[in-house]
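Trainee: First, the structure itself, so that you have it in front of you.
2 protein chains.
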Amino acid sequence: MKLLEDKIRAQGNILSDKVLKVDSFLNHQVDTSLALEIGKQFHRIFEHKKITKVLTIEASGIQFAMATAMAFNVPFVYAKKKKAVTLQESVYTAAVHSFTKQETYQVCVSQAYLGPDDHVLIVDDFLATGAALIGLVDIVKEAGATLEGVGCVIEKCFQEGRELLEQKGVSVHSLAKISAMAPGEIHFVPGDDEALLQKENDHAE
Amino acid sequence: MKLLEDKIRAQGNILSDKVLKVDSFLNHQVDTSLALEIGKQFHRIFEHKKITKVLTIEASGIQFAMATAMAFNVPFVYAKKKKAVTLQESVYTAAVHSFTKQETYQVCVSQAYLGPDDHVLIVDDFLATGAALIGLVDIVKEAGATLEGVGCVIEKCFQEGRELLEQKGVSVHSLAKISAMAPGEIHFVPGDDEALLQKENDHAE
Numbered sequence: 035m036k037l038l039e040d041k042i043r044a045q046g047n048i049l050s051d052k053v054l055k056v057d058s059f060l061n062h063q064v065d066t067s068l069a070l071e072i073g074k075q076f077h078r079i080f081e082h083k084k085i086t087k088v089l090t091i092e093a094s095g096i097q098f099a100m101a102t103a104m105a106f107n108v109p110f111v112y113a114k115k116k117k118a119v120t121l122q123e124s125v126y127t128a129a130v131h132s133f134t135k136q137e138t139y140q141v142c143v144s145q146a147y148l149g150p151d152d153h154v155l156i157v158d159d160f161l162a163t164g165a166a167l168i169g170l171v172d173i174v175k176e177a178g179a180t181l182e183g184v185g186c187v188i189e190k191c192f193q194e195g196r197e198l199l200e201q202k203g204v205s206v207h208s209l210a211k212i213s214a215m216a217p218g219e220i221h222f223v224p225g226d227d228e229a230l231l232q233k234e235n236d237h238a239e
Numbered sequence: 035m036k037l038l039e040d041k042i043r044a045q046g047n048i049l050s051d052k053v054l055k056v057d058s059f060l061n062h063q064v065d066t067s068l069a070l071e072i073g074k075q076f077h078r079i080f081e082h083k084k085i086t087k088v089l090t091i092e093a094s095g096i097q098f099a100m101a102t103a104m105a106f107n108v109p110f111v112y113a114k115k116k117k118a119v120t121l122q123e124s125v126y127t128a129a130v131h132s133f134t135k136q137e138t139y140q141v142c143v144s145q146a147y148l149g150p151d152d153h154v155l156i157v158d159d160f161l162a163t164g165a166a167l168i169g170l171v172d173i174v175k176e177a178g179a180t181l182e183g184v185g186c187v188i189e190k191c192f193q194e195g196r197e198l199l200e201q202k203g204v205s206v207h208s209l210a211k212i213s214a215m216a217p218g219e220i221h222f223v224p225g226d227d228e229a230l231l232q233k234e235n236d237h238a239e
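Chain order of the listed sequences is A and B.
With positions in the first sequence counted from 1, the corresponding number in the working numbering is that position plus 34.
With positions in the second sequence counted from 1, the corresponding number in the working numbering is that position plus 34.
Structure, rendered in structure tokens:
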């Protein structure tokens, strides 16, 4: 997604070969126009699927889940993070290890809001280790719902997240795929969405 | 806001005279159409103010900040509840005591995203003790920005939040004001927005 890549080049702050800060427009201060475009792009990519619900995890996935849910005209659900494992019978839970924070937390979704009739699109801001997304995938499975795919805003292709998700048979689409980066330098690989738009352009010709 | 009150009556879950669960449509599963209407309503209430930024706190304020920011066509910022690893530059902070969780946490906003030129509308899902909102008010003051008002989706009028905010000279508007509740029973007082719409209707006659 060229708009997103341009924004990352212009306003992203590359702190190291692993850490990219995008909190001026994606996940602290939020450019709502860009978020809406991201939602529309996920809709273009997954519109052939019958999506009944968008699922994300608090907090930084919420703005993209909202934009995507708006584009599909369905509700979204955000999983909650809990440190203490209090026994709650009415929730689906998965354990997620955060490598950044070096701690394990529980991801919870109320059983009332996800069930066997749901066709779920999972959306999040980053795909890196894939830990949080795998927790969400496990929750969708636990709910007996159909997982239609995972949409990520930014993917760090040099980390193992995609591989781990694809091993579980999950269809993963990212809008900006970073192959390598270092302070002052960033390289993208063409995203699935660009291939898709190219195909659309081919049809139009 | 009648649409919201009707939804609370139909789908809200009153657990006690103090606890109202609205997680089927507001803050776990989210009805995006309702969230957008809430954003438009805050815009109607505050449109005479020159708003440059909407401010909220993660996680459950994000969907309403996004809808409100969309209506004003400005960015929004969500305060983080503790200092994140990648939030390296200087931050404004305020200590907030959560009565529900009986713990004190830090609310942080990067200094890069709030400054003296900003005219800020604070938005959140609930106004009860006002603790989190007062933290945000303090951060706006610390930034030297102009606070134009606070918009809350649901206010529990029987708690002290509004009084504490008004003591600080803050203009508070809530869309559903609960005067009293108990399992199976809920009472609303007319909201500021309804008075405003009534005024609009009077003009139209």
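All C-beta atoms, glycine included, are put in the ideal place defined by N, C-alpha and C.
Of the residues that make up the segment 61 to 83 of chain A, which ones have a beta carbon closer than 9 Å to any beta carbon in chain B?
Mentor: Of all residues in the segment 61 to 83 of chain A, N61, H62, Q63, V64, D65, T66, S67, A69, L70 have a Cβ within less than 9 Å of some Cβ in chain B.
Trainee: Which first and last residues belong to the alpha helix (DSSP H) in which B:F76 is found?
Mentor: Within the second sequence, the letter at position 42 stands for residue 76 of chain B. If you look at B:F76, you'll find it in the alpha helix (DSSP H) that goes 66 to 80.
Trainee: B:Q97 CB to nearest chain A CB: under 9 Å?
Mentor: Here residue 97 of chain B is taken as the residue at index 63 of the second sequence, counted from 1. Closer than 9 Å to some Cβ of chain A, the Cβ of B:Q97 qualifies, so yes.
Trainee: Would you say the beta carbon of A:S58 comes nearer than 8 Å to a heavy atom of the ligand GTP?
Mentor: Among the ligands in the structure shown, none appear at all, so the ligand GTP cannot be discussed.
Trainee: Alpha carbon to alpha carbon, how far is A:I156 from B:V56? Give it in angstroms, no decimals.
Mentor: Numbered from 1 along the second sequence, position 22 holds the residue referred to as residue 56 of chain B. Numbered from 1 along the first sequence, position 122 holds the residue referred to as residue 156 of chain A. Using only the alpha carbons, I get a separation of about 22 Å.
Trainee: Using the C-alpha atoms, what's the distance from B:Q193 back to B:H131?
Mentor: On the second sequence, position 97 is the one that residue 131 of chain B refers to. On the second sequence, position 159 is the one that residue 193 of chain B refers to. About 15 Å.
Trainee: I need the boundaries of the beta strand (DSSP E) containing B:E137, first residue and last residue.
Mentor: The sequence position of residue 137 of chain B within the second sequence is 103, counting from 1. Its beta strand (DSSP E) spans residues 137 to 144.
Trainee: Tell me whether A:P109 is buried or exposed, calling it buried when 16 or more other Cβ atoms sit within 10 Å of its Cβ.
Mentor: On the first sequence, position 75 is the one that residue 109 of chain A refers to. A:P109 comes out buried.
Trainee: For the beta strand (DSSP E) containing A:V204, name the first residue and the last one.
Mentor: The residue you call residue 204 of chain A lines up with position 170 of the first sequence. Careful: A:V204 lies outside any beta strand (DSSP E) and carries neither H nor E.
Trainee: Which residues does DSSP pair with B:D158 in a beta bridge?
Mentor: Here the question's residue 158 of chain B lines up with position 124 in the second sequence. DSSP lists B:C186 as partners of B:D158.
Trainee: Identify the contact partners of B:V111 in chain A, using a Cβ-Cβ distance below 7 Å as the criterion.
Mentor: Locating residue 111 of chain B in the second sequence gives position 77, counting from the first residue. Neighbours of B:V111 on chain A, chain order: H62, Q63.
Trainee: I'd like to know whether the C-beta atoms of B:L170 and B:G195 end up nearer to each other than 9 Å.
Mentor: If you number the second sequence from 1, residue 170 of chain B lands on position 136. If you number the second sequence from 1, residue 195 of chain B lands on position 161. Cβ distance not < 9 Å, so B:L170 and B:G195 don't count as in contact.
Trainee: Is B:E92 helix, strand or coil by DSSP?
Mentor: Looking up residue 92 of chain B in the second sequence gives position 58. In the three-state reduction of the DSSP assignment, B:E92 falls in the coil class.
Trainee: Beta-carbon of B:D159 versus every beta-carbon of chain A: anything under 9 Å?
Mentor: Taking the first residue of the second sequence as 1, we reach residue 159 of chain B at position 125. B:D159 does not count as touching chain A.
Trainee: Cα separation between B:L181 and B:V204?
Mentor: Locating residue 181 of chain B in the second sequence gives position 147, counting from the first residue. Locating residue 204 of chain B in the second sequence gives position 170, counting from the first residue. So the alpha carbons of these two residues sit roughly 8 Å apart.
Trainee: Name the one or two DSSP bridge partners that A:F110 has.
Mentor: Position 76 of the first sequence, counting from 1, holds the residue named residue 110 of chain A. According to DSSP, which records beta bridges pairwise, A:F110 is partnered with A:V88, B:V64.
Trainee: What does the Cβ neighbour count give for B:I214, buried or exposed, with the cut at 16 atoms within 10 Å?
Mentor: The count along the second sequence starts at 1 and reaches residue 214 of chain B at position 180. Here residue 214 of chain B is Ala; the residue named in the question, Ile, does not match the sequence. Burial call: exposed.
Trainee: Count Cβ pairs between the segment 145 to 153 of chain B and the segment 55 to 70 of chain B that sit closer than 8 Å; are there 3 or more?
Mentor: no
Trainee: Starting from B:A128, follow its DSSP beta bridges and name the residues at the other end.
Mentor: As a first step, residue 128 of chain B is located in the second sequence; it is residue number 94 there, counting from the start. In DSSP, B:A128 forms a bridge with B:V141.
Trainee: With 9 Å set as the bound, which would you pick, yes or no: does the beta-carbon of B:E39 sit closer than that to a beta-carbon of chain A?
Mentor: Stepping through the second sequence from its first residue, residue 39 of chain B is reached at position 5. Closer than 9 Å: no.
Trainee: A:E92 versus chain B: which residues are under 9 Å apart at the beta carbon?
Mentor: Counting from one through the first sequence, the residue named residue 92 of chain A turns up at place 58. Within chain B, the C-beta atoms nearer than 9 Å to that of A:E92 come from E92, A93, S94, I96, in chain order.
Trainee: Please determine, among B:K87, B:R43, B:A44, the residue with the shortest C-alpha to C-alpha distance to A:S58.
Mentor: Along the first sequence, read from residue 1 onward, the residue named residue 58 of chain A stands at position 24. Of B:K87, B:R43, B:A44, the residue nearest in Cα terms is B:K87.
Trainee: Please list, in chain order, the residues of the segment 124 to 157 of chain B that have any C-beta partner in chain A closer than 7 Å.
Mentor: S144, A146, Y147
Trainee: With burial defined as no fewer than 16 other Cβ atoms inside 10 Å of the residue's Cβ, what is the status of B:F106: buried or exposed?
Mentor: Within the second sequence, residue 106 of chain B is the residue found at index 72, counting from 1. Classification for B:F106: buried.
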